[in-house]
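Engineer:
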Amino acid sequence: MNYKNQYQRKAHREVDFIFLTLLPQAGLSVREEQVKLSHQMLDALLEGNIALCDAGVGIGKTYAYLVACILMRKYVAATGNGWLCDKRPIVISTSSIALQEAIIQEYIPFLSDVFLSAGLIGSPLKAIVRKGKEHFVCDERLGVRLEAVREKPKNELQKKALFSLKQIYDMDEVPNLSSFDRRLVCVPKFCPKECPGRTSCRYQMYLKQARDPDIFFQICNHNYLLADSSHRAKDYKPLLTDYRALIVDEAHKLPEAARQMYGKSLCYEDILEICYFLEREHQGMAAKKLKSVFHNLFHVVRENYMAKGGPASAFHMTEECATVLEEGKALLKELTGKLRGVAPG
Ligand code: SF4
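Take -19 as the starting number for the sequence shown in the numbering used here and just add one per residue.
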């Protein structure tokens, strides 16, 4: 490979040393695809590019990008691209909680120990999981709720779970917590200015920790990443600390997360409800047409879906599906236009 400078060459030599010598000594096996992927990602990170990588199952992609990120931090200052004092973290976005937990509880501590012992890094690697307010306990609200249930009869397991929140502030780690309690004690959308916890509650401490420049990896799920992008696009306060690089792991799940967040769903019951309101407004003909077109649409789409293997398969847009969808869309547009015309005023 033709690397731009000696530091980049050194960083790549270190990738080889890590995957071919250091990690095998620590019990991991050598996987050529993994080494190749790590080199590819390191190049993209050092040069500020985008890399689209297709990592096959079992090649160890997580170690590949973690190593590339760690070496980027180590060598980026020397490559002359102006990030000398860059303290911004790397954001890793994943789809599954299991992967997030594995990264924070296994992968990063393991690499940190191995690299520290080998003298490749000077201090332990730090990481934090970022997630929405609704996952964390508000100390003020918890205090009120505990007082309210203290002497009251309540399911023992649920009560125990509620009281355990005095020690554990991440509610995802507490089994048996009722969704009612969860809603009552989670961090509110807006913390009141006069709240005494503003400087000392556990949630504020968590936020302070998340802003610590020593935390190199910030790990979140795709929904949180998308919510952060949306905040930035609207000039709201970002959710994530400004980051210098972004790794989107399990990227094939990103479109689904985007659909969940920004998409709208329409089922046949919704159409029947619209028809009901149309009939009430003496638009019986329009309601009849809408019912018939959408009955056909859902039938065709469903038949096509089942023929391709049902829920386990991806949706295929056949010509027939496209035609009925277009027909439904055109009818809705026509009715919307017409109703605007008949609306009073
Ligand atoms: S600052 Fe917010 S999260 Fe903390 S105790 Fe007050 S209301 Fe709850």
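Ideal Cβ positions, reconstructed from N, Cα and C, are used throughout, including at glycine.
For clarity, every value in this text was computed on a predicted model and none was experimentally measured.
1) To the nearest whole angstrom, what separates the beta carbons of Thr221 and Arg191, a pair I think is in contact under 8 Å?
2) Count the other C-beta atoms from every protein chain shown that fall within 10 angstroms of the C-beta of Thr74, then say buried if there are 16 or more, exposed otherwise.
3) Give the DSSP bridge partners of Val117, in chain order.
4) Could you check where the beta strand (DSSP E) with Phe357 kicks off and where it finishes?
5) If you draw a straight line from the C-alpha of Ala250 to the C-alpha of Ala82, how long is it?
6) List, from N- to C-terminal side, the alpha helix (DSSP H) runs of 4 residues or more that fit wholly inside the region 66 to 103.
7) Rounded to the nearest angstrom, what separates Leu319 and Cys255 at their Cα positions?
8) Looking at the secondary structure, which residues open and close the beta strand (DSSP E) in which Ile227 lies?
9) Take Tyr149 and list the residues in its own chain whose beta-carbon comes closer than 6 Å to its own, dropping the five residues that flank it on each side.
10) Which partner residues does Ile108 have in the DSSP bridge list?
11) Say yes only if the C-beta of Gly177 is nearer than 7 Å to one or more non-hydrogen atoms of ligand 1, and no if none qualify.
12) Enumerate, from N- to C-terminal direction, the unbroken beta strand (DSSP E) stretches of 3 or more residues contained entirely within the region -16 to 37.
13) What residue range is occupied by the uninterrupted alpha helix (DSSP H) comprising Met241?
14) Does any heavy atom of ligand 1 sit closer than 7 Å to the C-beta of Val167?
15) For the structure I just gave you, are there three or more beta carbon pairs, one from the region 83 to 99 and one from the region 14 to 33, closer than 8 Å?
16) In its own chain, which residues sit with a C-beta less than 6 Å from the C-beta of Ala24, not counting the 5 before and 5 after it?
17) Considering only residues of the same chain and omitting the five flanking positions on each side of Ala6, which have a CB-CB separation below 7 Å?
18) Is the closest heavy atom of ligand 1 to the C-beta of Arg121 under 7 Å?
Structural biologist: The relevant details are as follows:
1) Position 241 of the sequence shown, counted from the start, is the residue given in the question as residue 221. Position 211 of the sequence shown, counted from the start, is the residue given in the question as residue 191. Sure, about 6 Å apart at Cβ, within 8 Å.
2) In the sequence shown, the residue the question calls residue 74 occupies position 94. Classification for Thr74: buried.
3) In the sequence shown, residue 117 corresponds to position 137, counting from 1. Paired residues: Cys166.
4) This structure gives no information on residue 357, because the portion of the chain shown stretches from -19 to 325.
5) As a first step, residue 250 is located in the sequence shown; it is residue number 270 there, counting from the start. As a first step, residue 82 is located in the sequence shown; it is residue number 102 there, counting from the start. In the sequence on display, residue 250 carries Asp and not Ala. The alpha-carbon atoms of Asp250 and Ala82 are separated by roughly 41 Å.
6) 77 to 82 and 88 to 97
7) Within the sequence shown, the letter at position 339 stands for residue 319. Within the sequence shown, the letter at position 275 stands for residue 255. Between Leu319 and Cys255, the C-alpha separation is close to 13 Å.
8) Position 247 of the sequence shown, counted from the first residue, corresponds to residue 227. Segment Ala225 to Val228, the beta strand (DSSP E) holding Ile227.
9) Counting from 1 along the sequence shown, the entry for residue 149 is found at position 169. Same-chain partners within the cutoff: Phe116, Val117 and Arg182.
10) For the purposes of this step, residue 108 is taken as the residue at position 128 of the sequence shown. Per DSSP, Gln198.
11) The residue labelled residue 177 in the question sits at position 197 within the sequence shown. Correct: Gly177 has its Cβ closer than 7 Å to ligand 1.
12) none
13) Translated into positions along the sequence shown, residue 241 becomes position 261. Here the alpha helix (DSSP H) through Met241 covers Leu234 to Tyr242.
14) Position 187 of the sequence shown, counted from the start, is the residue given in the question as residue 167. Correct: Val167 has its Cβ closer than 7 Å to ligand 1.
15) Counting C-beta pairs closer than 8 Å gives fewer than three between the region 83 to 99 and the region 14 to 33, which falls short of the contact rule.
16) The sequence position of residue 24 within the sequence shown is 44, counting from 1. Taken in chain order, the residues that qualify are Ala31.
17) As a first step, residue 6 must be located in the sequence shown, where it is residue number 26. Here the set comprises Val94.
18) Along the sequence shown, read from residue 1 onward, the residue named residue 121 stands at position 141. It does: the Cβ of Arg121 is within 7 Å (strictly closer) of some heavy atom of ligand 1.
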